[in-house]
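Asker: Quick one: the structure is below, questions incoming.
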């Protein structure tokens, strides 16, 4: 008798889930949706299809937590313009999407990372860049606060800090390669 109630529960669950799965897995029409979240960014093959920084923040709780924690350890807060896309957020202003870069996938010593930046649409000098390890949840953050103070916080591994510094230096070969439209993603980086 107990197995019958288990079967009925499974049957009821499947009756509820299968229509949802059918709609989500439908291949009738190709999807033009941009991948969302930091984990999806790690699978991008073209920068134009990668989710933007603020989308990754809004849709990836682990990324949101890592960024918040790193900033808190430096006695800083996540800027309001980063939080604007959170569900239920009381938007203080409309953030132009141009202020957020795509989260580009990298493979640093065979570990998946995503790298992106976002600037205050009203004050571009107030900006944030993040290099996020999508497997371990570690983050390296370069933050320029409203008063202009530059902070490099989070994971202090030498290769991660070097990647961040090179990314922010427009004259570096690494930074120049990221803006090329034909760059192959994920971008391999080695500490060796």
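Residue numbers (our numbering): 945 to 1136. All C-beta atoms in this analysis are idealised placements derived from N, C-alpha and C, irrespective of residue type, glycine included.
#1: Determine the contact status of residue 1107 and residue 1052, defining contact as a CB-CB distance below 8 Å.
#2: Between which two residues does the alpha helix (DSSP H) holding residue 1110 run?
#3: Relative to the alpha-carbon of residue 1103, which residue among 1045, 1022, 1020 and 1084 has its alpha-carbon at the smallest distance?
#4: Determine the direct distance from the alpha carbon of residue 1032 to that of residue 1111, and round the result to whole angstroms.
#5: Using the rule of at least 16 other Cβ atoms within 10 Å of the residue's Cβ for burial, across every protein chain shown, is residue 1043 buried or exposed?
#6: Would you mind sorting residue 1090 into buried or exposed? The rule is 16 or more other CB atoms within 10 Å of its CB.
#7: Report whether the distance from the Cβ of residue 1022 to the nearest heavy atom of the ligand ADP is below 7 Å.
#8: Distance, Cα to Cα, residue 1121 vs residue 1003?
#9: Report the three-state DSSP secondary structure of residue 971 (helix, strand or coil).
#10: Taking only the alpha-carbon atoms, compute the straight-line gap between residue 1050 and residue 1064 and give it to the nearest angstrom.
#11: According to DSSP, is residue 1128 helix, strand or coil?
#12: If you draw a straight line from the alpha carbon of residue 1116 to that of residue 1133, how long is it in whole angstroms?
#13: CA-CA distance, residue 1082 and residue 1099?
#14: Hey, would you say residue 1088 sits closer than 8 Å to residue 985, going by beta carbons?
#15: Looking at the structure shown, is residue 1003 part of a helix, part of a strand, or coil, going by DSSP?
#16: Starting from residue 1074, follow the beta strand (DSSP E) in both directions and report where the run begins and ends.
#17: State the Cα-Cα distance for the pair residue 1093 and residue 1009, rounded to the nearest angstrom.
#18: Assuming residue 1023 and residue 1070 are in contact, meaning their beta carbons sit under 8 Å apart, how far apart are those beta carbons, in whole angstroms?
#19: Which residue from 1005, 1030, 1047 and 1125 puts its Cα closest to that of residue 1061?
#20: Once the 5 residues before and after residue 1124 are set aside, which same chain residues still bring their CB inside 6 Å of it?
Answerer: Quick answer:
#1: Taking the first residue of the chain shown as position 1, residue 1107 is located at position 163. Taking the first residue of the chain shown as position 1, residue 1052 is located at position 108. Cβ distance < 8 Å, so residue 1107 and residue 1052 count as in contact.
#2: Looking up residue 1110 in the chain shown gives position 166. Annotation: the continuous alpha helix (DSSP H) that includes residue 1110 extends over 1102 to 1112.
#3: As a first step, residue 1103 must be located in the chain shown, where it is residue number 159. If we check each option's Cα against that of residue 1103, 1084 comes out closest.
#4: Within the chain shown, the letter at position 167 stands for residue 1111. Within the chain shown, the letter at position 88 stands for residue 1032. Roughly 32 Å between the two C-alpha positions.
#5: Numbered from its first residue, the chain shown carries residue 1043 at position 99. By the Cβ-count criterion, residue 1043 is buried, with 16 or more other Cβ atoms from all chains shown falling within 10 Å of its own Cβ.
#6: What you label residue 1090 is simply residue 146 of the chain shown in a count that begins at 1. Its Cβ having fewer than 16 others within 10 Å, residue 1090 is exposed.
#7: The ligand ADP is absent from the structure shown, which contains no ligand whatsoever.
#8: Residue numbering aside, residue 1121 sits at position 177 when the chain shown is read from its first letter. Residue numbering aside, residue 1003 sits at position 59 when the chain shown is read from its first letter. Taking the straight line joining both Cα atoms gives about 28 Å.
#9: Numbered from 1 along the chain shown, position 27 holds the residue referred to as residue 971. Because residue 971 carries a pLDDT of 37, less than 50, the predicted location of this residue cannot be relied on, and no value is offered for it.
#10: Sequence index remark: in the chain shown, residue 1050 carries index 106 (1-based). Sequence index remark: in the chain shown, residue 1064 carries index 120 (1-based). Between the alpha carbons of residue 1050 and residue 1064 lies a distance of about 25 Å.
#11: Mapped onto the chain shown, residue 1128 falls at position 184. Correct three-state label for residue 1128: coil.
#12: Here residue 1116 refers to the residue found at position 172 when the chain shown is read from its first residue. Here residue 1133 refers to the residue found at position 189 when the chain shown is read from its first residue. Using only the alpha carbons, I get a separation of about 14 Å.
#13: Along the chain shown, one-based indexing puts residue 1082 at 138. Along the chain shown, one-based indexing puts residue 1099 at 155. For residue 1082 and residue 1099, the distance between alpha carbons rounds to 6 Å.
#14: Your numbering for residue 1088 matches position 144 in the chain shown. Your numbering for residue 985 matches position 41 in the chain shown. The criterion of a C-beta distance shorter than 8 Å is not satisfied by residue 1088 and residue 985.
#15: Here residue 1003 refers to the residue found at position 59 when the chain shown is read from its first residue. Note: residue 1003 maps to helix in three-state DSSP.
#16: One-based indexing of the chain shown puts residue 1074 at position 130. In the DSSP assignment, residue 1074 falls within the beta strand (DSSP E) that extends over 1067 to 1077.
#17: In the chain shown, residue 1093 corresponds to position 149, counting from 1. In the chain shown, residue 1009 corresponds to position 65, counting from 1. Each residue's CA atom was taken as its position, placing residue 1093 and residue 1009 some 22 Å apart.
#18: Taking the first residue of the chain shown as position 1, residue 1023 is located at position 79. Taking the first residue of the chain shown as position 1, residue 1070 is located at position 126. Indeed they touch by this definition, with Cβ atoms about 7 Å apart.
#19: On the chain shown, position 117 is the one that residue 1061 refers to. The shortest Cα separation from residue 1061 among 1005, 1030, 1047 and 1125 belongs to 1047.
#20: Working through the chain shown from its first residue, we reach residue 1124 at position 180. Excluding residues within five positions, none has a Cβ falling inside 6 Å.
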